[in-house]
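In our numbering, the protein residues as written are 9 to 495. For every residue, glycine included, the Cβ atom is placed at its ideal position computed from N, Cα and C. To start, the structure under review is shown below, and the notes come after it.
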Amino acid sequence: MLELGVGCFVTNTKNKILTNSALTYANTELTRRAGGLKSLLNLQFFYGQPEASVTSLSLIILPVAPDAWHNLLTLPANNLDWLPQNRVLPPGATLPFLDPIPVLFWGAGYEDGHKPFAERREDGTVVFYADIIAATLFLLTRWEETVVPDRDEHGRFPATASVAYKQGFLDRPIVDEYALILRAWLKVLCPNWRPEPHKFEVKLSHDVDHVQRFPNWRKGARTLLGDVLKRHDPGLAKDSAINTLAQIANPRWDHYYRGIYKLAELSKAYGFSNDAFYFMAAEPGPFDPGYDIQAPFVRECIETLLQEGFEIGLHPSYKTFEEPSRLLEEKARLDAVLGYSEYGGRQHYLRVQVPDTWRHWEQAGFAYDSTMTYADCAGFRCGTCHPFRPFDLHQNRELDLWEIPLIVMEGTLFHYRHLTPQQVEQRILELAQRCSQVEGTFTLLWHNTSLYQNWTVWRTTYERVLKQLMELQNGQVPEFVQNVATV
Ligand SMILES: [Zn+2]
Numbered sequence: 009m010l011e012l013g014v015g016c017f018v019t020n021t022k023n024k025i026l027t028n029s030a031l032t033y034a035n036t037e038l039t040r041r042a043g044g045l046k047s048l049l050n051l052q053f054f055y056g057q058p059e060a061s062v063t064s065l066s067l068i069i070l071p072v073a074p075d076a077w078h079n080l081l082t083l084p085a086n087n088l089d090w091l092p093q094n095r096v097l098p099p100g101a102t103l104p105f106l107d108p109i110p111v112l113f114w115g116a117g118y119e120d121g122h123k124p125f126a127e128r129r130e131d132g133t134v135v136f137y138a139d140i141i142a143a144t145l146f147l148l149t150r151w152e153e154t155v156v157p158d159r160d161e162h163g164r165f166p167a168t169a170s171v172a173y174k175q176g177f178l179d180r181p182i183v184d185e186y187a188l189i190l191r192a193w194l195k196v197l198c199p200n201w202r203p204e205p206h207k208f209e210v211k212l213s214h215d216v217d218h219v220q221r222f223p224n225w226r227k228g229a230r231t232l233l234g235d236v237l238k239r240h241d242p243g244l245a246k247d248s249a250i251n252t253l254a255q256i257a258n259p260r261w262d263h264y265y266r267g268i269y270k271l272a273e274l275s276k277a278y279g280f281s282n283d284a285f286y287f288m289a290a291e292p293g294p295f296d297p298g299y300d301i302q303a304p305f306v307r308e309c310i311e312t313l314l315q316e317g318f319e320i321g322l323h324p325s326y327k328t329f330e331e332p333s334r335l336l337e338e339k340a341r342l343d344a345v346l347g348y349s350e351y352g353g354r355q356h357y358l359r360v361q362v363p364d365t366w367r368h369w370e371q372a373g374f375a376y377d378s379t380m381t382y383a384d385c386a387g388f389r390c391g392t393c394h395p396f397r398p399f400d401l402h403q404n405r406e407l408d409l410w411e412i413p414l415i416v417m418e419g420t421l422f423h424y425r426h427l428t429p430q431q432v433e434q435r436i437l438e439l440a441q442r443c444s445q446v447e448g449t450f451t452l453l454w455h456n457t458s459l460y461q462n463w464t465v466w467r468t469t470y471e472r473v474l475k476q477l478m479e480l481q482n483g484q485v486p487e488f489v490q491n492v493a494t495v
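Below is the structure:
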């Protein structure tokens with residue numbers, strides 16, 4: 009029996025992944041989302057059948073079978089049990105949404121689903137037949153990415169290889185939903201308990217891959233000629249002419265550079281003030297523009313953003329996800345510009361290898377990472393939209409780093425999913441609403457270069473999204489919800 013904290017106990021299992029440290033970690037992450045257990049001093053929390061008699065103030069979670077994690081990887085698509093909420097919640101309780109709840113893991117011996125998700129027994133104890141601790145650990149650690157070899161052309165684990173995609177719950181912050189279910193059952197056990205709710209937040213972020221459209225004026229001139237002679241497009245030609253001229257006369261005229269200021273201006277206009285701008289500090293490479301972070305016009309931009317109250321972080325280059333020395337070099341460059349070293353960031357191309365990249369970020373002294381979504385599909389890669397401490401499965405420990413999971417990158421919807429502007433808006437807001445329902449953080453990535461390409465339509469889309477995200481954050485009903493309600 010392992011003591012987890014005041015009033016909480018857990019039994020160990022023989023599962024090699026579900027170590028005592030891992031179970032403690034998952035329990036902490038889950039109960040923090042549920043509202044904290046500080047005031048539940050007399051509650052006994054068991055993972056496994058208790059060996060001795062228990063008090064009625066006990067919550068028991070029945071552990072999954074040891075081979076269930078591997079079995080979930082090979083489960084045919086759309087084969088999970090999805091339960092209606094009346095088989096999940098205590099009588100009379102509700103969730104802020106109506107969807108059925110997927111069961112990732114049944115407790116060992118209950119796989120046939122003849123029991124509900126959880127129930128109160130005659131002795132007064134509450135028993136979970138669904139193993140929400142194992143599910144939390146499965147999703148937050150991204151264990152499947154350490155055992156499934158699938159990678160795309162950039163070495164990234166694709167959404168399509170994930171259990172969440174195959175079983176149809178990538179759109180759902182399952183860990184956070186399980187926490188709300190846990191909260192409902194804890195209220196049954198302890199009616200006077202007052203859970204500490206979390207506040208829904210929107211976090212806007214911007215990866216500054218480019219500060220100039222062309223690497224040199226010659227490339228600009230060639231593009232300009234193509235716009236005139238091949239594409240016969242006066243609009244494109246005008247843009248290319250301005251960006252070419254910026255190369256020669258003043259980089260501050262460049263559209264990509266101006267896009268950074270435009271993002272800041274739009275955020276302020278819609279009431280946002282905590283945007284993060286992640287700058288690169290890399291050498292040039294096939295996938296890295298390699299602009300000079302020390303260049304006066306780049307430093308000027310960073311200083312202006314800081315003065316305006318925005319946050320600056322690092323966007324480490326293409327190879328850094330597996331080269332910690334390169335990561336350190338780039339971080340040292342940004343440290344020198346900023347004069348401080350505690351900040352967050354996001355990997356270029358969303359390239360990560362868990363848990364190694366997380367560990368490298370911890371060792372480099374980052375405050376947080378915000379990479380964890382998929383390039384090919386938006387949604388909840390880690391099954392959560394709450395910031396959390398990554399767990400290093402190889403070293404069997406919680407890392408001294410925060411992960412603020414990214415939920416949507418605009419490029420995923422434009423380039424991978426080929427959605428129309430209206431569909432992009434709808435998709436972003438649906439996912440944001442999911443985050444608000446579970447009191448989480450909705451993190452959106454919008455590049456400065458995306459304001460420039462097809463400027464009018466995407467800028468309009470972005471502005472409509474910002475307006476409705478602010479309404480959602482303020483607890484108002486945004487336009488898209490009203491539209492859905494009237495259909
Ligand atoms: Zn990037």
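Check	Outcome
At least 3 beta-carbon pairs within less than 8 Å: the stretch 32 to 47 vs the stretch 387 to 405	yes
Proximity winner among Asp-343, Tyr-348, His-402, Val-345, relative to Trp-366 (alpha-carbon distances)	His-402
Length of the line joining the Cα atoms of Ile-310 and Val-362	30 Å
For Phe-399 and Thr-149, believed in contact at Cβ under 8 Å, the rounded distance	5 Å
Cβ pair count under 8 Å reaching 3, the stretch 404 to 422 against the stretch 190 to 198	no
Cut-off 7 Å between Cβ atoms - residues of its own chain near Ala-290, not counting five sequence neighbours on either side	Asp-296, Gly-298, Ser-325, Glu-338
Runs of beta strand (DSSP E) wholly within the stretch 34 to 63 (minimum 3 residues, chain order)	52 to 55
At least 3 beta-carbon pairs within less than 8 Å: the stretch 93 to 110 vs the stretch 66 to 82	no
Cutoff 7 Å; reference Leu-91; Cβ partners in own chain excluding five residues on either side	Pro-108, Ile-109, Val-111, Phe-125
The stretch 345 to 352 touching the stretch 367 to 376, judged by at least three CB pairs closer than 8 Å	yes
Residues of its chain near Gln-476, where Cβ-Cβ distance is below 7 Å and the 5 sequence neighbours each way are ignored	Leu-437, Pro-486, Glu-487, Phe-488
Heavy atom of ligand 1 within 8 Å of Asp-215 beta-carbon	yes
Burial state of Gln-315, where buried means 16 or more other Cβ atoms lie within 10 Å	exposed
For Tyr-286, the first and last residue of its enclosing beta strand (DSSP E)	284 to 287
Whether Val-72 touches Gly-115 by CB criterion (9 Å)	yes
Any non-hydrogen atom of ligand 1 within 8 Å of His-423 CB	no
Given Ile-140 as reference, the closest of Leu-439, Glu-130, Glu-433, Ala-42 once Cα atoms are compared	Ala-42
Alpha-carbon to alpha-carbon, Asn-251 and Gly-279	30 Å
Tyr-357 Cβ short of 8 Å to ligand 1 heavy atom set	yes
DSSP three-state assignment for Gly-293, whether helix, strand or coil	strand
Beta-carbon proximity list for Arg-159, same chain, < 8 Å, skipping 5 on both sides	Phe-165, Pro-166
Where Thr-428 falls: helix, strand or coil (DSSP)	coil
Expected contact under 8 Å - CB spacing of Phe-388 and Val-360 to nearest Å	Not a contact, Cβ separation roughly 16 Å.
Rounded C-alpha distance that separates Phe-146 from Phe-113	10 Å
Helix, strand or coil at Val-465 according to DSSP, with G and I counted as helix	helix
Stretch pair the stretch 299 to 308 + the stretch 229 to 246: three plus CB contacts closer than 8 Å	no
Proximity winner among Tyr-186, Ala-142, Gln-441, relative to Thr-27 (alpha-carbon distances)	Ala-142
Where Ser-444 sits in the DSSP three-state scheme	helix
Per-residue DSSP class, three states only, for Gly-234	helix
Cα-Cα separation between Glu-152 and Asp-89, rounded to whole angstroms	20 Å
Contact under 9 Å by Cβ, Tyr-269 with Ser-213	no
Residue range of the alpha helix (DSSP H) that includes Lys-123	Lys-123 -> no alpha helix (DSSP H), and no H or E assigned at all.
Same chain, Cβ closer than 6 Å to Tyr-173, neighbours up to 5 away in sequence not counted	Ala-167
One or two residues paired with Asp-89 in a DSSP bridge	Val-111
Check: His-162 C-beta below 8 Å from any heavy atom of ligand 3	Looking for ligand 3 in the displayed structure turns up nothing; the ligands present are ligand 1.
Host alpha helix (DSSP H) of Thr-365 (start-end)	364 to 372
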